[in-house]
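Each residue of the sequence shown is one higher than the one before, counting from 57 in our numbering.
Virtual Cβ for every residue (Gly too), placed ideally from N, Cα, C.
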Amino acid sequence: MIIQDEIREEAVICDPACGVGKFLLEPIKSKIDRFYKIKDGKIIPKITIRGFDKGFGNNEQKTIILAKANMLIYFSEVIKNYPNHTKEFADLFNSTFTLKTDSILGTLKDPVENTYDLILTNPPYVTDGSSNFKEEIQKNNDLKKYYKINAMGVEGLFMEWIIRALKPNGKAFIIVPDGIFNRQNDRNLRAFLCQECFIDGIISLPENTFFTTKQKTYILCITKKNNKTDIQSDPVFTYLVSEIGESRDVYRFDIEQNDLIEAITLYNFFKGNKKAFENINTDPRCKIVPIEKFESEIYWSIDRWWSKEEKITLGIEKENKTLSVLEFSSYLSCMADTLENFSLGLKKIKIVNNNQTKKVKIGNIFDFPAIKGITKSFIESNKGNIPVYGGKKEQEPIGYIKDNIKNVVYFENCLAWNREGSVGYVFYHKNKFTTNDHHRPMIIKEEYIQILDIEYMRYAIEKVLLSQGFKWSKTASKEKVANLSVSIPITSTGKFDIEKQKEIIATHKKIEEIKNSTFDELRKIQEYSLII
Numbered sequence: 057m058i059i060q061d062e063i064r065e066e067a068v069i070c071d072p073a074c075g076v077g078k079f080l081l082e083p084i085k086s087k088i089d090r091f092y093k094i095k096d097g098k099i100i101p102k103i104t105i106r107g108f109d110k111g112f113g114n115n116e117q118k119t120i121i122l123a124k125a126n127m128l129i130y131f132s133e134v135i136k137n138y139p140n141h142t143k144e145f146a147d148l149f150n151s152t153f154t155l156k157t158d159s160i161l162g163t164l165k166d167p168v169e170n171t172y173d174l175i176l177t178n179p180p181y182v183t184d185g186s187s188n189f190k191e192e193i194q195k196n197n198d199l200k201k202y203y204k205i206n207a208m209g210v211e212g213l214f215m216e217w218i219i220r221a222l223k224p225n226g227k228a229f230i231i232v233p234d235g236i237f238n239r240q241n242d243r244n245l246r247a248f249l250c251q252e253c254f255i256d257g258i259i260s261l262p263e264n265t266f267f268t269t270k271q272k273t274y275i276l277c278i279t280k281k282n283n284k285t286d287i288q289s290d291p292v293f294t295y296l297v298s299e300i301g302e303s304r305d306v307y308r309f310d311i312e313q314n315d316l317i318e319a320i321t322l323y324n325f326f327k328g329n330k331k332a333f334e335n336i337n338t339d340p341r342c343k344i345v346p347i348e349k350f351e352s353e354i355y356w357s358i359d360r361w362w363s364k365e366e367k368i369t370l371g372i373e374k375e376n377k378t379l380s381v382l383e384f385s386s387y388l389s390c391m392a393d394t395l396e397n398f399s400l401g402l403k404k405i406k407i408v409n410n411n412q413t414k415k416v417k418i419g420n421i422f423d424f425p426a427i428k429g430i431t432k433s434f435i436e437s438n439k440g441n442i443p444v445y446g447g448k449k450e451q452e453p454i455g456y457i458k459d460n461i462k463n464v465v466y467f468e469n470c471l472a473w474n475r476e477g478s479v480g481y482v483f484y485h486k487n488k489f490t491t492n493d494h495h496r497p498m499i500i501k502e503e504y505i506q507i508l509d510i511e512y513m514r515y516a517i518e519k520v521l522l523s524q525g526f527k528w529s530k531t532a533s534k535e536k537v538a539n540l541s542v543s544i545p546i547t548s549t550g551k552f553d554i555e556k557q558k559e560i561i562a563t564h565k566k567i568e569e570i571k572n573s574t575f576d577e578l579r580k581i582q583e584y585s586l587i588i
């Protein structure tokens, strides 16, 4: 399994929504002799596992009974060797799995912080009825302070609990529904996740991976930061799983294809050398994604980062999807509801009044350092972990080189634009990088650092550059770029208004998020053929 290497002696491991306990028991089943010793008539656990679930009705309460029964099965060989220790084993099973019956919140009633080294869970995904949970939370001051994010659904509350309950450097592997990655209302949750944790990996699972869950799901792999001020520079492992080694129906027959095995193998390789792994990866199901793509305002459904052609090659999508007229009518009705939600989201956006602006030449506020661009052959001869950017439309490196190479100029925390290739696109690179000849850095002058918002400047400069009609035959040279002017908000006294800049870029991000989602919905229509 993906987490076996994460289980260390003395570790405290938890599943806050454990069900019948498989998530906790499967990883240790081959190591029970190692983690549980019998000495002087006592069971000496070298790890601590804790499973919680809530239950009021008989059926719900049976889940914990089944969890303890499963633990009995997993420990059967050890029990057979120590038949006189049944009471000790019973105490172990009872202390491992706990039923929470004193509140509808179940595990969520306990505001746990910095307690667990490892959390493995598949929490419930419920939006209907989640208001009951939030009403219960509002009755308790401690819980109100604990659940600050106001995430959607019960799964959002569990996500917040998991993040807070992890120890610094603790890890979690969570099955999450696509809603957490896609919902605009959960952007605060995604921002909180980035603030508190490093995102190690996201593995896309096929529909019906879990028999009781029809929703699209993912494995989210995270590590809690030691310090909130730590900034993630490592890329993120992503993988598309099509099959899981068993049929995804009620029968669960074994099948030959099991993409999870390769996903786990590659993820474990990736952990050993995150920045250089992309150079050796040859699996088309795996992409190593820059952390910059994971911003709170942007959807995190990793599947969209594979093109339609790539998905067809992998067998994830078919060339043509067919629908009957009735099915298509139903599909359009669902899409209309989705678009209506997007429309409501737009209406809630506060449009920033930007009447007072000042036009300033880009060359007056940015320096354009002279560099010798990195060539493809140089990258091949000097492979390392510092990204080299080229003239791509997306913020994706063309390769990686070693750090501190003589005569190579490195940059960080600055803008860079495409002078050739996908000309005119501008990117904000937070971490250390260098470029080829198609992509050039621009460094904000020191006197403007505190009064200009770097993300606003990226947006404003890109808007101007793309309006110029640059193309391969008309490159965006630094001389041309320096002479172009951008509009910057100013105060009534004529000074640059950085607060207004921040408001504008926040509004722009929200609009782009909704616009991209709308395009995604409209593109889906083109994938269908009608059967008449």
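How is residue i classed by DSSP in three states: helix, strand or coil?
i, result
"L522", "helix"
"I544", "strand"
"E144", "helix"
"F384", "helix"
"Q313", "strand"
"W473", "strand"
"V168", "coil"
"D83", "Going by the sequence as given, residue 83 is Pro instead of Asp. DSSP places P83 in helix when its eight states are reduced to three."
"G401", "helix"
"P139", "helix"
"N441", "strand"
"D198", "helix"
"E577", "helix"
"D553", "coil"
"S260", "strand"
To the nearest angstrom, how far is the alpha carbon of residue i from that of residue j?
i, j, result
"K288", "S541", "Going by the sequence as given, residue 288 is Gln instead of Lys. Rounded to whole angstroms, Q288 to S541 spans 33 Å at the Cα level."
"L148", "C277", "29 Å"
"R90", "F575", "53 Å"
"I588", "S386", "15 Å"
"I105", "R475", "55 Å"
"P224", "P179", "22 Å"
"E583", "N572", "17 Å"
"W356", "D234", "8 Å"
"A73", "P83", "16 Å"
"F189", "L370", "41 Å"
"N206", "T491", "41 Å"
"E568", "K448", "19 Å"
"Q524", "S187", "50 Å"
"K195", "V76", "30 Å"
"T171", "F108", "14 Å"
"C470", "P291", "18 Å"
"N283", "I499", "28 Å"
"I354", "T119", "37 Å"
"D61", "I347", "24 Å"
"Y138", "G162", "35 Å"
"K414", "P545", "6 Å"
"T142", "I99", "11 Å"
Can you check DSSP and say which residues form a bridge with residue i?
i, result
"A228", "I175, I278"
"D61", "According to DSSP, D61 bridges with nothing at all."
"V292", "V345"
"M498", "L471"
"R106", "C70"
"L586", "L379"
"H485", "C470"
"G455", "V444"
"K156", "K110"
"L222", "Y172"
Check whether the Cβ atoms of residue i and residue j lie closer than 7 Å to each other.
i, j, result
"N441", "K331", "yes"
"D315", "S298", "yes"
"K343", "T273", "no"
"I358", "S260", "yes"
"F153", "A125", "no"
"E518", "V482", "yes"
"P497", "F467", "yes"
"I421", "K501", "yes"
"L81", "F384", "no"
In chain order, what residues of the same chain lie with their CB nearer than 8 Å to the CB of residue i, ignoring the 5 residues before and after it?
i, result
"N264", "K270, R304, D305"
"I175", "I69, C70, D71, P72, I218, A221, L222, G226, K227, A228, F229, I230"
"K580", "M391"
"I59", "P83, L174, L176, K227, F229"
Who are the Cβ neighbours of residue i in its own chain at under 6 Å, not counting the five residues just before and after it?
i, result
"I507", "F552, I554"
"W528", "Because the pLDDT at W528 is just 48, under 50, the model does not fix this residue reliably, and the point stays unresolved."
"R594", "Residue 594 cannot be examined here, being either before or after the span of the chain that is shown, 57 to 588."
Among residues of its own chain, excluding the 5 on either side of residue i, which ones have a beta-carbon nearer than 7 Å to its beta-carbon?
i, result
"Y484", "L471, I510, E511, R514"
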